[in-house]
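Data block below; observations after.
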DNA sequence: CACAAATGTAAGCGATACTAACATTGCGGC
DNA sequence: GCCGCAATGTTAGTATCGCTTACATTTGTG
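Chains as they are written, first to last, in the numbering used here: chain S, 1 to 197; chain R, 198 to 394.
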């Protein structure tokens, strides 16, 4: 991170890391290129040598998030021989990323980075993470046709994703009263994810 | 909208309406107080006579959205004697608002307006819409205790909400291939919302 | 070793949210 | 009716931000 002279050394990587920290700290909107530049001790124009614009930098941060997610999915599948346990563990990985790194998760799913002009470095890892989820659902019931698998994947994913959105958005604050704990709710959500059709 | 002289007439209401249109057009981030002021033919500082800041204006727009939602819920309950049909219709109302007015929906659920310092004009209608949803789920099974009802409400709401988020975010673009249509998916989601536990 | 490409800087443009000081209007009490 | 004051609007300014242009320095390569 320390500068060695006129040139930074690896400003591109430093920007990505600093942006990731800022995202985790205050959400995607809290990332200011000017701030990052000042933090890293370079001029405000320097970041533009490495990223076309703010979106391009955030896209790179999001891409790392999707790579992480695909990895977590892979581990969940690898360590569980029983497909049902594997799927439950996969769902847990999704919840885990969302609750452990809420800022990153928000960047990945709530921002407009995933438009038609999204770079391949972003769409690639995102597609890989979807494929892993799809495979985990398919393994439960190898007989089912593809449309059924996709329908199950989407409904299950929806339940998980919606739960995350509502919890992270504080929408369940007044409602998760005793004796309804968050942990209990998570188990209920995971149960629902497993229901076929 | 036309000015009658030095004073606008009802700038506050005009700002809310113009902001609502801007939200629907380009999402919450597309609302610029300067733009609204110019459109309405007043100075850039005029809006601050009616709203403390940008957030306060957007909160008012969101509040109207929650009022609309609570109303829709009420209609769904009123016109269906069968509680199961009523719940399905309630869920449809949620999806309807989300797909008919995606910008408003995003403002209501994806922005940070609902913090601890949210004005009563926003938290009130939001709580009312939750109560209506809760009641629709409770009507299905009057025997169940409150924790069970809440758990069912939250899981069902999660499924609906997540589906909306994924569709609106374009995350299902490549996956909703034939013969898996969006309409079919909506029915599957509604089915899942009805499943007890 | 010279020169070109890569990478950095300085300065500035235009947009934005918001504030402070001042101007105009319209309404309620006399 | 009119007069003062609160409500409402304006002008001008601050600070931040993304981004661009023109120029400076460094580094690697033929």
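Even glycine gets a Cβ: it sits at the ideal position worked out from N, Cα and C.
CB of residue i within 7 Å of CB of residue j, strictly
i	j	result
residue 36 (chain S)	residue 54 (chain S)	no
residue 57 (chain S)	residue 51 (chain S)	yes
residue 91 (chain S)	residue 193 (chain S)	yes
residue 189 (chain S)	residue 159 (chain S)	yes
residue 308 (chain R)	residue 260 (chain R)	no
residue 20 (chain S)	residue 61 (chain S)	yes
residue 294 (chain R)	residue 333 (chain R)	no
residue 358 (chain R)	residue 166 (chain S)	yes
residue 225 (chain R)	residue 304 (chain R)	yes
is_contact[residue i, chain R] using C-beta, thresh 7 Å
i	result
residue 103 (chain S)	no
residue 179 (chain S)	yes
residue 90 (chain S)	no
residue 166 (chain S)	yes
residue 162 (chain S)	yes
residue 214 (chain S)	Since the first residue shown for chain S is 1 and the last is 197, residue 214 (chain S) is missing from the structure and cannot be characterised.
residue 55 (chain S)	no
residue 147 (chain S)	yes
residue 170 (chain S)	yes
residue 2 (chain S)	Legend: pLDDT at residue 2 (chain S) = 45, less than 50; position of this residue unreliable, no value from coordinates given.
residue 121 (chain S)	no
residue 155 (chain S)	yes
residue 114 (chain S)	yes
residue 193 (chain S)	no
residue 84 (chain S)	no
Inter-residue Cα distance where the pair is residue i and residue j
i	j	result
residue 185 (chain S)	residue 348 (chain R)	7 Å
residue 340 (chain R)	residue 148 (chain S)	34 Å
residue 14 (chain S)	residue 329 (chain R)	49 Å
residue 49 (chain S)	residue 117 (chain S)	20 Å
residue 223 (chain R)	residue 298 (chain R)	11 Å
residue 227 (chain R)	residue 393 (chain R)	40 Å
residue 361 (chain R)	residue 296 (chain R)	8 Å
residue 104 (chain S)	residue 236 (chain R)	36 Å
residue 310 (chain R)	residue 145 (chain S)	43 Å
residue 182 (chain S)	residue 157 (chain S)	19 Å
residue 320 (chain R)	residue 238 (chain R)	32 Å
residue 219 (chain R)	residue 9 (chain S)	44 Å
Residue-chain proximity (residue i, chain S), Cβ-Cβ < 7 Å
i	result
residue 326 (chain R)	no
residue 383 (chain R)	no
residue 230 (chain R)	no
residue 175 (chain R)	Absent from the structure is residue 175 (chain R), since the part of chain R shown begins at 198 and ends at 394.
residue 307 (chain R)	yes
Inset, instruction - Check whether the stretch 319-328 of chain R touches the stretch 265-279 of chain R, counting contact only when three or more Cβ pairs, one atom from each stretch, lie closer than 8 Å. - result: yes
Inset, instruction - Report yes or no: do three or more beta-carbon pairs, one from the stretch 158-178 of chain S and one from the stretch 79-88 of chain S, lie closer than 8 Å? - result: no
Inset, instruction - Let me know the alpha helix (DSSP H) ranges lying completely inside the stretch 73-135 of chain S, each 4 residues or longer, listed in chain order. - result: 83-100 and 102-110
Legend entry - Complete alpha helix (DSSP H) runs within the stretch 33-61 of chain S (minimum length 4 residues, chain order): 33-40
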